[in-house]
Amino acid sequence: MKVVVVESPAKAKTIEKYLGPGHTVLASFGHVRDLPAKDGSVEPDKDFEMHYEMSGRGAESIRAIAGALKDADTLILATDPDREGEAISWHVLEALNNRKVVKSKTVRRVVFNEITKTAVLEAMANPRDIDMDLVNAQQARRALDYLVGFTLSPVLWRKLPSAKSAGRVQSVALRLICERETEIEAFRAREYWTIGADFRTPQNQTITARLIELAGKKLDKFDINNEAAAKAAVAKLAGQSYAVSDVQIKPAKRHPSPPFTTSTLQQEAARKLGFSAQMTMQIAQRLYEGVTIGGETTGLISYMRTDGVSMANEAIRTARDVIAEDFGRDAVPENWRVYKTKQKNAQEAHEAIRPTDFRRRPKSVARYLDEVQLKLYELIWVRALASQMESAELERTTVDIAAANKAGTFRITGTVVLSPGFLKLYEEGVDDKSSDDEEGTRLPKMTVGEAMKEEGVKPEQHFTEPPPRFSEASLVRKLEELGIGRPSTYAAILEVLKARSYVALENKRFQPEDAGWLAYAFLVCFFEQYFAYSFTAGLEEKLDEIAEHNLDWKKVLKDFWQDFSQHDPKDPVFSSVKDAVTRIDEKMGRRGEVLDAINALLENHFFPPREDGKPARLCPACNKGNLGIKAGRTGAFIGCSDYPECSYTRPLSAGSNGHGDIAISGPQEVGTDPVTGQMITLRQGPFGPYVQLGEVEGEGKAKTKPKRASLPKGVTLEDVTLEMALKLLALPRTVGLHPTSGKEILAGLGRFGPYLLHDGAYTKLKDAMEALEIGINHAVEKIAEADARRKGPRQRAELKVLREIGKHPDDEELIQVIDGRYGPYIKHGATNAPIPRGTEVDALSIDQAIEAIASRAKKGGKGKKKAAPKAKKAAAPKKEAAAEKTEAKPKAAKKAVKKAAPKKKAAAKKAAAA
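Counted the way the UniProt record's numbering counts, the sequence shown spans residues 1 to 914.
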């Protein structure tokens with residue numbers, strides 16, 4: 001008997017079917033142990049001893065595996081084929097050794113790149129031992145993350161209450177986002193002009209060319225930088241005689257991109273499908289684990305965490321056959337393509353992400369997948385197939401048209417696809433496309449000296465644009481270029497930044513939040529060298545060297561900690577994490593010194609130049625003090641240096657209070673409420689400006705607060721009219737009754753922004769003005785869209801029925817077998833029951849299904865049904881049992897009283913001592 005351990009339950013069911021009798025396949029459900037989030041989990045002064053802790057689910061998994069091992073002679077660890085998977089196998093083995101259940105049993109490690117019967121059986125035939133260098137590389141990464149996080153985060157909390165934590169790699173990604181935002185803020189647009197001209201060819205075709213040379217001088221981008229210069233150029237060029245001065249025709253080729261790696265899949269899924277990195281990896285995981293096709297669960301793609309770009313020879317042969325069948329033999333290159341990674345420190349030696357069988361075309365598997373799964377599978381299929389197709393053959397034609405008096409020269413370029421090759425199937429997406437070529441435009445045949453009739457010279461004004469903010473795709477690409485992080489970490493990095501409110505996604509682009517700015521500034525001011533791009537990339541290279549058996553992992557940790565904790569290198573004893581925190585705290589000094597450094601670094605962001613020419617940090621209320629970042633119990637804010645004489649404050653927001661640069665030194669009258677007759681005033685609070693109806697009335701417990709409403713983001717103080725103030729004070733307001741449910745729809749402004757509330761569910765609105773003005777029809781549409789998103793793709797799609805078993809004898813309701821996320825299951829009404837172990841879907845009888853449903857309902861499973869009439873007779877014995885329990889209660893009470901006595905005595909002693 002052999003016990004096989006994999007990571008997910010879906011994979012366990014599939015692999016057990018492949019292996020057959022004599023094998024029990026169980027899931028670890030990912031990591032079974034991890035470093036607990038508390039001080040002392042890594043002890044530098046004890047040779048970096050790491051204290052792991054079992055997770056709740058991990059403990060359950062280990063108990064199940066240990067139980068199965070009692071009757072087995074072999075343990076096979078078949079977790080994922082990467083560092084994390086290798087570490088999971090080691091942790092499982094360590095946990096089982098601690099329970100002393102392995103002893104003399106044979107332990108082997110197997111890896112497979114895809115979940116197909118052939119791949120699994122081949123892996124089982126070629127087992128190996130656990131690779132401790134891969135395990136130690138993962139342990140080193142985990143220890144580094146822990147040491148950085150648990151050393152800096154406590155300091156960060158004390159110095160900056162708004163910040164939450166500091167991660168080793170996430171902070172570098174945050175730095176990229178903040179520094180890009182700094183570039184955007186520092187950007188100043190420059191004006192420039194281009195000159196175009198329409199020409200009529202001898203073939204009577206109109207073409208448009210761009211000016212590249214004026215009066216014998218080649219033009220740079222900013223040579224024509226104002227309207228006067230543009231008009232002067234047009235005056236010289238219009239009405240002249242023109243002829244073709246040069247024609248260049250160059251053949252060109254475009255080669256297909258290699259199959260996907262983890263990062264390129266995340267980038268392309270973001271560009272073409274709009275998926276987040278996390279969503280992409282979740283869907284890819286499901287495709288890797290497989291779907292049920294013809295009663296058997298089959299993995300559709302190879303392993304999705306990889307840096308590799310190569311494919312197995314057998315996969316390439318199949319791909320070439322499919323290309324020939326679908327596109328003709330001409331689309332297949334004479335020699336197959338071999339790709340090599342350009343990344344110098346690519347981590348894994350796995351294949352690229354590809355279909356497990358190219359013959360499973362997207363159309364043939366569409367009925368087994370939901371909408372988003374099909375989109376991602378098709379993207380992977382076309383990219384991998386196109387990588388083995390012929391190159392596209394192009395023809396690039398460049399024509400120069402010059403004035404007879406040499407006043408200027410115009411140029412037009414056209415690119416024509418002569419043979420599409422792989423472009424028949426796939427073309428890679430781009431983030432920001434900019435090209436002067438008119439792709440796909442075939443120019444007429446032109447010869448040197450041929451006359452061209454000028455039909456109009458037109459100037460066009462342009463302004464330079466700032467660099468774009470990072471999207472998920474471009475940030476992942478940048479991290480990969482810098483060698484920061486690894487395929488399995490990118491999705492987690494982005495999610496952590498969003499979860500900590502360090503960044504926000506605006507129009508699918510990352511924008512730093514106030515807390516993100518503060519964390520970035522703190523780390524750059526005081527720990528710049530440890531969050532430098534080169535330093536972080538260098539650590540990644542060292543982790544790779546550990547995995548490649550070239551470097552000792554404890555040495556990497558020692559070298560890092562010796563420097564990071566600023567310990568005397570002559571002292572052989574390492575300081576603890578607590579000592580390092582104390583030392584760093586002492587070196588950084590008081591909070592005021594920290595805030596001064598952050599104010600200096602972020603001055604241009606929080607205090608940009610004022611339009612009135614006054615100093616940017618001059619307090620607008622007292623005109624004496626300087627504004628600066630202050631730290632309070634509830635977080636950071638902007639305040640005046642002359643406090644308490646000047647109590648001006650405003651929330652953190654780039655360049656202003658978020659509502660214009662005008663400060664409110666006292667209540668300003670807006671108008672009278674027509675209903676109550678009370679005055680509405682505009683006031684300044686600690687969290688920004690707000691409108692107030694009336695004044696505070698009464699004293700002490702009888703004191704009543706007037707109604708208030710904060711100004712929404714984007715609304716300036718000048719925008720506050722009586723009409724707007726009345727609308728703000730009326731929130732939340734009733735929009736109307738929902739036509740389907742008949743329930744009330746409310747619109748309001750909450751902690752997380754404007755919203756609609758219907759039937760207990762919130763729907764986010766675009767901005768505050770929408771909350772003030774939205775009507776019932778638009779509100780119903782918004783709620784319907786939000787409900788569809790909340791249900792998720794699998795719930796929106798119809799359940800995929802694999803088989804109908806028959807009707808249940810108790811209620812005549814249909815029993816079905818459904819294709820679920822983790823494999824097939826039995827469905828009867830609201831009860832979902834697992835298929836009995838070892839039973840095939842096609843062989844499942846109605847008696848087995850009824851028994852499984854009853855067993856599930858008895859255990860209190862999902863949608864537990866009421867007992868059938870026959871079962872109600874069993875209520876009598878329960879009454880007898882209840883009576884027995886009632887008789888036994890006095891004894892239990894007596895025991896409880898006896899146990900309680902010592903506590904009373906102890907309390908009395910404490911009271912006497914006090």
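Here a beta-carbon is modelled for each residue, glycine too, at the ideal position from N, C-alpha and C.
7 Å CB neighbourhood of residue i in its chain, flanking five on each side removed
i: A140; result: L543, I546, W553, V556 and L557
i: residue 918; result: This structure leaves residue 918 out entirely; the chain is present only between 1 and 914.
i: M769; result: none
Residue i - DSSP class collapsed to helix/strand/coil
i: P674; result: coil
i: D661; result: Per-residue confidence for D661 stands at a pLDDT of 43, beneath the threshold of 50, marking its modelled position as unreliable; the derived number appears in the next sentence. Of the three classes helix, strand and coil, the one that applies to D661 here is coil, per DSSP.
i: F526; result: helix
i: S471; result: coil
i: R99; result: coil
i: M281; result: helix
i: R837; result: coil
i: P444; result: coil
i: R583; result: helix
i: Y18; result: helix
i: R856; result: helix
i: G485; result: coil
i: residue 915; result: No information on residue 915 is available, as it lies outside the stretch 1 to 914 that the chain covers here.
i: D719; result: helix
i: K885; result: The predicted model places K885 with a pLDDT of 40, which falls under 50 and marks its position as unreliable, so this point remains unresolved.
i: M124; result: helix
i: S8; result: coil
i: F260; result: strand
i: D810; result: coil
i: A537; result: helix
i: P890; result: For P890, the predicted structure reports a pLDDT of 40, less than 50, and the residue's modelled location is therefore unreliable. A value from the coordinates is still provided. DSSP places P890 in helix when its eight states are reduced to three.
i: Y599; result: In the sequence on display, residue 599 carries Asn and not Tyr. Reduced to three states, the DSSP call for N599 is helix.
i: H828; result: strand
i: R803; result: strand
i: P512; result: strand
i: F560; result: helix
i: V416; result: strand
i: P793; result: Any answer about P793 is weak, because its pLDDT of 47 lies below 50 and its placement is not dependable; what the coordinates show is given next. Reduced to three states, the DSSP call for P793 is helix.
Beta-bridge pairing of residue i - partner residues as DSSP gives them
i: D132; result: A quick correction: the sequence has Met, not Asp, at residue 132. DSSP output for M132 lists no bridge partner at all.
i: H91; result: The partner list for H91 (beta bridge, DSSP) is empty, contrary to what the question assumes.
i: Y192; result: H462
i: C640; result: L627
i: L682; result: Q668 and V691
i: A243; result: A402 and A451
i: K250; result: R396
i: R733; result: A747
i: H758; result: I745 and A761
Proximity winner among the options, relative to residue i (alpha-carbon distances)
i: residue 977; options: P824, L300, N313 and Q138; result: Limits of the chain in this structure are 1 at one end and 914 at the other, which puts residue 977 out of reach.
i: K463; options: N226, V247 and S391; result: First, the residue type needs correcting, since residue 463 is Phe and not Lys in the sequence shown. With distances taken between Cα atoms, F463 lies closest to N226.
i: F48; options: D673, E325, D307 and D559; result: D559
i: Q668; options: P651, A235 and P689; result: P689
i: E395; options: M446, I301, T341 and P251; result: P251
i: E296; options: I15, A852 and A725; result: I15
i: I293; options: D819, A857 and S845; result: D819
i: L601; options: T182, A87, I826 and R329; result: T182
i: T649; options: V524, A621 and A830; result: A621
i: S419; options: N550, H255 and V503; result: H255
i: R188; options: P466, Q848, V457 and P824; result: P466
i: V102; options: A66, T208 and G85; result: A66
Close-in-space but distant-in-sequence residues of the same chain around residue i (CB under 6 Å, 5 per side omitted)
i: S576; result: D45
i: Y762; result: Y755
i: L75; result: V3, K105 and V107
i: Y18; result: K117 and V120
Any non-hydrogen atom of the ligand NAP within 7 Å of residue i CB
i: E454; result: Absent from the structure shown: the ligand NAP. Ligands present: none.
Close Cβ partners of residue i (< 8 Å) along its chain, the five nearest in sequence each way excluded
i: A324; result: A331 and V332
i: V338; result: S310
>> Extract the residue ranges of the alpha helix (DSSP H) inside the stretch 150-233, only unbroken runs of 4 or more that lie entirely within it.
In response: 170-186
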